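Let me begin by presenting the structure, written as structure tokens, before commenting on it.
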Amino acid sequence: MTDFKGAAQSWSLVAFFSVVTLTLLLCVVTGPDRDDLDEFYTGYRFLSPLRNGLAIAGDYISAATVLTVGGIIALCGYDGVVLALSTLLSLLLLMFLLAEPLHHTGRFTMGDVLARRMPGRAVRITACAVTLAALVPMMVVQLAGVGQLLAYVLGFSDSTMRTGCVVGAGALMITYAALGGMRGTALIQILKTVILLGSGLVVAALILHTFGWSPPTLFRTAARNSGAGHNYLRYGLQFAGGKHPALDMVSTQCAIVLGGASLPHVTMRMYTAGSTRQVRRAMSWAVSAVALFIAVMTVVAVGATALIGAKTITAADPRGSTAYLLGARAAFGTDLSRPESLLFTTVTTAIFLTLLASVASMTLACANSLAHDIAARPDTPPLREMALARLSALAVGIPVIGLAVLSQHRSLQPLAILSFCLGASAIAPALLYSLFWRRYTRAGLLATLIGGTVSVLVLLPGTSLVSGTPQSAFPDADFNWFPFTTTALVSVPAGFLCGFVATVLSRRRSGARARNRYESIEPVLLAGPAYPKNG
Amino acid sequence: MSADSSELHPLRHRPARHASPVPPSPPPTRQSNSKSNWRSVRARSWTGPHRDLRLLRRACRRQRRVAAFAALGYFAVFLALTVALPSVMTAPALGGLPAGLCLALVQLPVTWLAVLFYEYTARRHVDPLARRVRHQTQHHRDEQVGP
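First to last, the sequence lines map onto chains A and B.
Start counting the first sequence at 4; every next residue gets the next number (the numbering used here).
Start counting the second sequence at -9; every next residue gets the next number (the numbering used here).
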């Protein structure tokens, strides 16, 4: 019942190829005009709020979210649901706190926002380095996941084929980013969100129908089939092996809530809206879409456990990454009629498209930052800067493909956690301080970015995700000394503290300069630019 | 989340670095009475563009604080209850599901309501002020660019 044989496989293969062809065509057709830098970096001049919102949601729902969180919901129940909720909360906080100021002060990249407050090359270079450090691990995780997913759906176990899949998907992502720019990736993201939500809603409805439209029955059946009984519906399964399960859980939620939405590939979509009202409306659509998707994902993943049991899920993948697909497959019953197999193919295609699209927009975020913050000078002609951005996509993409090929057989969870922790400990404090604290100085900004990053990089290798347990990335070694699985509980305060201390210790004159600078940009920060953006 | 201490530690006034988008008033001429001039500048700062910016700052801060504390607060209380008082969260509630799971699932519609409420208050209380400040900035820029 859980394998994908015959018709479903060939359907999937056909669907994948048509999706690749279609999206490439879209990218080429809608690519930016030759010398319009704004168009390459921000996409459409006026993307309607609904479309922009769907693109933001598409950027935000990465494949790592669908596969990892889906697996945790299916296997750990309650803990997974809380994790999914904190993902949603992160986007909500982005909307409430940062979306509008980011839209008002930013132009193309995070470096622009920070440099608006503290001009200087050092700030831009550090911002770009942190962007790369936060996004490259996430890209590696997802690209390695492509190989795993295709091997699973198309049913081959050959290692060379898997490597081939990773390289092929990597080449695609570079093409999307380089040819399409923000415009092309926005279209792909919209397409992906629509397919993912549409197919997910149908599957969720089928699952709920199986259980008589009663969520309590669904959850109780899942608890019975999970092998954990009542513990499935209460906290503690996910961190049961740790020394401090409660603190570990708080630490993980902290990393997701602060880090999830402050990653640069999500914030870069804030710069593309036309006016303040549009950015707010776009975020409303994005939050609604993500909330809907989280409800769908919860039903599908819990349904997977209820229908086929936790043992079958762990047999397919020890961390349950395939739970979403398994749940969708189980919802259709044992024998697939033709419309059913078509629908199921839509689900696999949606996941495939999610993988491709989210890696592509992360590549684009890195490439934009490299080109705009480091390579280009203010007097660089637009045509040259665009060429630089395309080259940067290549320069980021090739090492990522190499890393993904090298690491595809290891546990990739630490890399995903690394991304979220960097977002929470370096990027979130830097953005919050520089947008809302008027005394914040350049030294403070650099200290936040560097201090937060270094604290994560120092602590993370000591966690049990990297070594010490059979599930860790290096199961044979044991240099595990840090008691939690995520570093956020220590590194987030470290990031905030570094910025605070460095600002307090900087000379009084630079503090006053920082305040004057803040006062000069405050009207724009609060009210928005006098002329509509991109207009 | 903003740490604005400008009211506690007012910055020494410097004519060149004016917070308002409107150009600073011309320096007092020798003929005029310096005291009355001081008064007029002072009076203007309480009613003119300074006031708009201050009102906008206050409205934005209030909006941000209420929204962020409500969202974060709910989740923090929920998480704290989950971790510290598992007995409360496992007590059966609606339909035989544990209370914790019910509270978790309720968050989805609550999020949606929060978004609607945020949009409504922002449109009602922040946007008009922002428009006024923006208008002044534009006016000021036009004056500078023009003759």
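All C-beta atoms in this analysis are idealised placements derived from N, C-alpha and C, irrespective of residue type, glycine included.
No experiment lies behind these values; they were computed from the predicted model shown.
So what does DSSP say about residue i, is it helix, strand or coil?
i: residue 82 of chain B; result: strand
i: residue 482 of chain A; result: coil
i: residue 532 of chain A; result: coil
i: residue 25 of chain B; result: Its pLDDT being 45, under 50, residue 25 of chain B is placed unreliably in this model, and the value from its coordinates should be taken loosely. Of the three classes helix, strand and coil, the one that applies to residue 25 of chain B here is helix, per DSSP.
i: residue 159 of chain A; result: coil
i: residue 88 of chain B; result: strand
i: residue 2 of chain A; result: Past the edges of chain A, shown from 4 to 538, lies residue 2 of chain A, and the structure says nothing about it.
i: residue 214 of chain A; result: coil
i: residue 19 of chain A; result: helix
i: residue 477 of chain A; result: strand
i: residue 166 of chain A; result: helix
i: residue 121 of chain A; result: coil
i: residue 137 of chain A; result: helix
i: residue 353 of chain A; result: helix
i: residue 229 of chain A; result: coil
i: residue 523 of chain A; result: helix
i: residue 147 of chain A; result: helix
i: residue 240 of chain A; result: coil
i: residue 337 of chain A; result: coil
i: residue 63 of chain B; result: helix
i: residue 265 of chain A; result: coil
i: residue 128 of chain A; result: helix
i: residue 346 of chain A; result: helix
Apply the 10 Å Cβ neighbour rule to residue i and answer buried if 16 or more other Cβ atoms are within range, or exposed otherwise.
i: residue 75 of chain B; result: exposed
i: residue 401 of chain A; result: exposed
i: residue 212 of chain A; result: exposed
i: residue 474 of chain A; result: exposed
i: residue 342 of chain A; result: exposed
i: residue 494 of chain A; result: buried
i: residue 195 of chain A; result: buried
i: residue 272 of chain A; result: buried
i: residue 43 of chain A; result: buried
i: residue 284 of chain A; result: buried
i: residue 304 of chain A; result: buried
i: residue 11 of chain A; result: buried
i: residue 276 of chain A; result: buried
i: residue 14 of chain A; result: buried
i: residue 104 of chain A; result: buried
i: residue 183 of chain A; result: buried
i: residue 351 of chain A; result: buried
i: residue 110 of chain B; result: exposed
i: residue 388 of chain A; result: buried
i: residue 20 of chain A; result: exposed
CB of residue i to nearest heavy atom of the ligand ZN: below 8 Å?
i: residue 186 of chain A; result: With respect to the ligand ZN, the structure offers nothing, as it holds no ligand at all.
Tell me the residue span of the alpha helix (DSSP H) that contains residue i.
i: residue 442 of chain A; result: It is not in any alpha helix (DSSP H) - residue 442 of chain A carries neither H nor E in the DSSP assignment.
i: residue 402 of chain A; result: 385 to 410
i: residue 423 of chain A; result: 416 to 425
i: residue 288 of chain A; result: 279 to 319
i: residue 259 of chain A; result: 248 to 262
i: residue 179 of chain A; result: That residue, residue 179 of chain A, is in no alpha helix (DSSP H); it is neither H nor E in DSSP.
i: residue 102 of chain A; result: 102 to 108
i: residue 381 of chain A; result: Looking at the DSSP string, residue 381 of chain A is not in any alpha helix (DSSP H), and its letter there is neither H nor E.
Counting only Cβ pairs nearer than 8 Å, list the residues of chain E close to residue i.
i: residue 297 of chain A; result: In summary, chain E is missing from the structure at hand, where the protein chains are A and B.
Kindly give me the distance between the Cβ atoms of residue i and residue j, rounded to whole angstroms, as I take these residues to be in contact under 8 Å.
i: residue 278 of chain A; j: residue 74 of chain A; result: That belief does not hold up - the Cβ atoms of residue 278 of chain A and residue 74 of chain A are roughly 40 Å apart, past 8 Å.
i: residue 73 of chain B; j: residue 253 of chain A; result: 6 Å
i: residue 172 of chain A; j: residue 358 of chain A; result: 7 Å
i: residue 299 of chain A; j: residue 204 of chain A; result: 6 Å
i: residue 288 of chain A; j: residue 57 of chain A; result: 7 Å
i: residue 445 of chain A; j: residue 113 of chain A; result: Wrong, their Cβ atoms sit about 16 Å apart, outside the cutoff.
i: residue 427 of chain A; j: residue 262 of chain A; result: 3 Å
i: residue 150 of chain A; j: residue 166 of chain A; result: 7 Å
i: residue 367 of chain A; j: residue 185 of chain A; result: 7 Å
i: residue 611 of chain A; j: residue 293 of chain A; result: Absent from the model: residue 611 of chain A. The displayed extent of chain A is 4 to 538, so no value can be given.
i: residue 243 of chain A; j: residue 308 of chain A; result: Actually they are not in contact, since the Cβ atoms of residue 243 of chain A and residue 308 of chain A sit about 17 Å apart, beyond 8 Å.
i: residue 158 of chain A; j: residue 66 of chain A; result: That pair is no contact at about 20 Å.
Under 8 Å, CB to CB, which of the residues in the segment 76 to 105 of chain A have a partner in chain B? 81, 84, 85, 88, 89, 91, 92, 95, 96, 98, 99, 100
Chain-ordered residues of the segment 335 to 369 of chain A with a beta carbon less than 8 Å from chain B: none
Could you run through the segment 103 to 128 of chain B and flag, in chain order, every residue whose CB is less than 9 Å away from some CB of chain A? 104, 105, 106, 108, 109, 112, 113, 116, 117, 119, 120, 121, 122, 123, 124, 125, 126, 127, 128
If contact means a Cβ-Cβ distance below 8 Å, which residues of the segment 208 to 223 of chain A contact chain B? 217, 218, 219, 222, 223
Closer than 8 Å, Cβ to Cβ, to anything on chain B: give me those residues from the segment 520 to 533 of chain A, in chain order. 522, 523, 525, 526, 527, 529, 530, 531, 532, 533
Under 9 Å, CB to CB, which of the residues in the segment 70 to 90 of chain B have a partner in chain A? 70, 72, 73, 74, 76, 79, 80, 84, 85, 86, 87, 88, 90
Contact residues within the segment 232 to 256 of chain A, judged by C-beta distance below 9 Å to chain B: 233, 236, 237, 238, 239, 248, 249, 250, 252, 253, 256
With 9 Å as the limit, tell me which residues of the segment 267 to 285 of chain A have their beta carbon closer than that to any beta carbon of chain B; keep them in chain order. 279, 280, 283, 284
At a Cβ cut of 9 Å, what residues of the segment 492 to 515 of chain A count as close to chain B, listed as they run along the chain? 515
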